Structures are given as C-alpha cells and as structure tokens.
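Residue numbers (the numbering used here): 15 to 166.
Written below as structure tokens is the structure these notes are about.
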C-alpha cells in the first residue's frame, strides 16, 4: 500500500504559517504596550521626584516655577501615554483575536489530518490482513494435495 498523503497538507502548512505570523504580530503589539506601560511608570517616578524637589530648601521662586512647568509637562505626557496605552490595548486585543482564529483554523485541519491518518492506518491494516489471509489460503491450497498424497 502506498504511503499516506494528506490531501490538504499545503493548506495545513499555510494555516501554520498564518498562525505563526499572527503570533509574531501579537508579540509585537504586546511589546509595544509594555514599552508604553514602562514609560508611564518612568514619567510617574519623574513626577514624584519633581514634586519632592520643587519645594526643597534653597530653591528660589523661578526654580519652583520651572519645577511646576516640568510637572505640568509630565502630566501632559502621562495623559498622552495613557491614551496611547488604550489604543495599544485595543491593538493587542485585535491581534489576540486574529491569533486565536488562526490557531483554531489550524487545529481544525490538524484534527482532520489525525482522523484521516487513523482511517488510512485502519484501511492499511485491513488490506494487510486480507493479503495475509490470501497468502495463507494459497499455502493451504498448495499443501492440501501433498497431504492427500501422504494420507493415501
């Protein structure tokens, strides 16, 4: 019997490729979100430091004003980063959905391949048993005349 060949192998390989690409895109989106979150933490730390330094002993009025402007700028940066994070979270959710759909599509074909492989093995075993039965039958037919000669 010939080797098993899955008729949809090329489609399965394509779906595996699509899934791998979707996984990479999801990783990129998650990486971008992580960078934004790190930047938000950094800005928050910078703001806390600036608030603590603003009224430090020995500061004159212009230095306090500079710190105040710096704090306002950090607040604006934080607001922009929070908006960016929201967009990045939406992107991650979208990429995750795409990845999950691609994985589902690939798994469907994997299951079809497993089922067809099992069917092929079952058929191959049945065919092999049939051939063995035929060989045994022929051997029995050949040996039957000899046995009759010995008996007589």
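Built from N, CA and C at the ideal position, the CB exists for glycine as well.
In this text, all values refer to a predicted model and were calculated from it rather than measured experimentally.
Sorting 155, 151 and 125 by C-alpha distance to the C-alpha of residue 20 places 125 at the top.
Assignment of alpha helix (DSSP H) within the segment 20-92, counting only whole runs of 4 or more residues, yields 23-68 in chain order.
In the structure shown, the three-state DSSP call for residue 17 is coil.
Cβ neighbours of residue 142 within its own chain (closer than 6 Å, five residues either side excluded): none.
A Cβ-Cβ contact shorter than 8 Å links residue 78 with residue 68. The shortest C-alpha to C-alpha distance from residue 93 to any of 73, 66 and 61 is the one to 61. A straight line joining the alpha-carbon of residue 65 with that of residue 44 spans about 32 Å. Nearest in C-alpha terms to residue 114, of all of 90, 33 and 151, is 33. Residue 149 is classed as exposed because its beta carbon has fewer than 16 other beta carbons within 10 Å across all chains shown. Residue 95 sits buried, since 16 or more C-beta atoms from the chains shown fall within 10 Å of its C-beta. By the neighbour-count criterion, in which 16 or more other beta carbons inside 10 Å mark a residue as buried, residue 50 falls on the buried side.
With at least 16 other beta carbons inside 10 angstroms of its own, residue 29 counts as buried.
In the same chain as residue 36, and ignoring 5 residues on each side of it, the C-beta atoms closer than 6 Å to its own belong to 112, 113 and 116, in chain order.
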